[in-house]
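Take the sequence shown: its position 436, counting from 1, is numbered 513 in my numbering, and each next residue is one higher.
Here the structure is laid out as structure tokens; the discussion comes afterwards.
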Amino acid sequence: MKCLHAASEVAGFAKTGGLADVVAALPLALQARGIDCAVVMPLYRACRNSTQPLKPLDLRFRLPMGNRIVEGRLWESTLPGGAVPVYLVEQPDYFERDDRATGRGIYQFTNDAGETLDYEDNSARYGFFARAILEAMRLLNFWPDILHLHDWQTGLAGVYLHEIYQPHGKPDLRGRYASVRNVFTIHNLAYQGMFWHLDMPMLGLPWGLYTMERLEFHGKINFMKAGIIEADRISTVSPTYAKEIQTTLLGCGLHGVLMQRNRHLTGIVNGIDERVWDPSLDPHLAARYDGANITGKARCKAALQQHFKLDVNPGTPLLACVSRLAAQKGFDLIESIAPSFLRRGVQLAILGDGDKVYRAMLLKLRDEFPHQVGVHLGYDEVLAHRIEAGADIYLMPSKYEPCGLNQLYSLKYGTIPVVRATGGLADTVVDASTENFAMGRATGFAFLPYTPAAFAQALERALAMYRDQPKQWQLLRQTGMLQDWSWRRSAGEYERLYQETLQEI
Ligand code: ADP
Ligand code: GLC
């Protein structure tokens, strides 16, 4: 079986969140099961600084974008640590504008007033990318059985496949395109890629597709909706999120469309890339440790306290969070309850980048509790590892969470997660209720109502166990550390999904 993954982020090349981690790891796990995989992504400026060498290929293509012809070229590299090829779509005007130092990201930029805004031409950028994915098949002569598309940035690829490449492609290639099936994975339904309807001609799409049944959504073109409608199979990154997105509460307006496609919608929990996230191998830590011998974790904690200039005290509970600073992640709940816990002596370490309201909120908290709060605003992978290892408790009170990777990293690093039981958090963290604990399956603390009181109560329970029941705490840690959250497990589920998709032909 051949599978081509297409996504706008791949860890090691360009990353804003968990999507990048998934696309860097899943193809390798599938490859290990005998599926021939390749990955396509845009060539951003960040990719040029990747540790993975990039090689230009003599494979170029031209695409009409409205009244312009835009040229692209493919470059080649490989996924970090593995033999899966990555093809990068070079189009400097569209993709090489990112520069973290000046606040320019891959989707957004920060203006002079400090606001974060989307690039105005994102529809052209990702419309072009979607077609480039189909051009890549032809240029590379790589004909996948499964085209695995990830998130809205690839949403139009299915439309182009069905509307242009299958019916109107070069006659000798139509058959090749006709046998491609596509699986579309939703990593976060809240980001849909919605654009002005007058972009239809620029995208080379006939007005006949601008209907409620196809691409139209409340007067706009919706790339995510297109991806869902054009997919042979849809997946999302946890079974609970697969149910939640079919409700008005978390369906972000697309619940109706998803309910209609319910029979073809499934949830598969993400895995951990254990080559990157494993405390027994992690090169960034002050000491290494594992589930059988956790003593090194104390040194990681002291190193983290030193890093943030907090009191180096092994007995003080150290709470932490590494996250995009976005409303999704529940920072308003953290803001509500942090002061009362800090007044009682806990420490808090936060690494994050994003919305300016949360940046300001965190800096204010640090000013109020300078010896107890460490804040690093920005993106720092090494520090992310040191926080996961050094903290006692990981906070993830998300409003919604399609899967979440940080709670999985926390489980692996013996850092007890306190989570809101939504999406993937509900599917991966087992609350330390008396019953779960007695059955030896508890791994963290969970709460349901999205309220400061419920969050505070869960954290209270965690702190009580930390303080008064060290043996139970140790057991809780060990249960999480010894679990298998590797990609091996989830890759098997994806393989079954691919087989099912192909059987239906
Ligand atoms: P999401 O994709 O919604 O942001 P996930 O939990 O799936 O959430 O994945 C987040 C990923 O991004 C993790 O690998 C996390 O460590 C990383 N990350 C988030 N913010 C930062 C940051 N400021 N610095 C370094 N890594 C970060
Ligand atoms: C999204 C979600 C996150 C998920 C990640 C990878 O960014 O917000 O929950 O883990 O994608 O699937």
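Yeah, the Cβ is synthetic: ideal placement off N, Cα and C, and Gly gets one too.
Keep in mind it's a predicted model, so treat the numbers as computed, not measured.
- Residue list for the ligand GLC: 94, 95, 96, 98, 99, 264, 265, 314, 347, 405, 478, 479, 480, 481, 482, 500, 501 (CB closer than 7 Å to any heavy atom, chain order).
- For residue 400, the distance from the CB to the nearest heavy atom of the ligand ADP is below 8 Å.
- Annotation: residue 405 to residue 580 spans about 37 Å, alpha carbon to alpha carbon.
- Residue pairing from DSSP places residue 80 in a beta bridge opposite 114, 223.
- Cα atoms of residue 173 and residue 167: separation of roughly 8 Å, rounded to the nearest angstrom.
- Remark: fewer than three beta-carbon pairs, one from each stretch, lie closer than 8 Å, so the segment 304-316 and the segment 241-251 are not flagged as touching.
- In terms of side-chain proximity, the C-beta atom of residue 429 is found nearer than 8 Å to a non-hydrogen atom of the ligand ADP.
- For residue 153, the distance from the CB to the nearest heavy atom of the ligand ADP is not below 8 Å.
- When DSSP reads this structure, residue 524 sits in a beta bridge with 497.
- Beta-bridge annotation (DSSP): residue 400 is paired with 429.
- Beta-bridge pairing by DSSP links residue 189 to no other residue.
- Taking C-beta atoms as the reference points, residue 287 and residue 295 fail to come closer than 9 Å.
- A distance criterion of 8 Å places the beta-carbon of residue 458 in contact range of the ligand ADP, judged by its closest non-hydrogen atom.
- In the DSSP assignment, residue 384 falls within the alpha helix (DSSP H) that extends over 373-384.
- For residue 170, the enclosing alpha helix (DSSP H) starts and ends at 169-172.
- The closest heavy atom of the ligand ADP lies 8 Å or more from the beta carbon of residue 302.
- Annotated as proximal: residue 301 and residue 269, with beta-carbon spacing under 9 Å.
- Exclusion of the five residues before and after residue 461 leaves 399, 428 as the residues of its chain whose Cβ lies within less than 8 Å of its Cβ.
- Counting only residues of its own chain and dropping the five nearest sequence neighbours on each side, residue 538 has a CB closer than 8 Å to the CB of 509, 522.
- Under the Cβ criterion (8 Å, minimum of three pairs), the segment 357-365 does not count as touching the segment 434-451.
- Residue 133 is bridged by DSSP to 152.
- If the five residues before and after residue 236 are omitted, its C-beta is found closer than 6 Å to the C-beta atoms of 303, 307, all from its own chain and listed in chain order.
- A distance below 7 Å between beta-carbons, with the five flanking residues on each side excluded, links residue 250 to the following residues of its chain, in chain order: 215.
- Note that the C-beta distance between residue 564 and residue 351 is below 9 Å.
- When the alpha-carbon of residue 93 is set against those of 108, 159, 121, the nearest one is in 121.
- Taken through DSSP and simplified to helix, strand or coil, residue 349 comes out as strand.
- Nearest to residue 262 by C-alpha distance, out of 217, 311, 403, 285, is 311.
- The alpha-carbon separation between residue 128 and residue 146 amounts to approximately 32 Å.
- Contact check for residue 520 against residue 488 passes: the beta carbons are separated by less than 9 Å.
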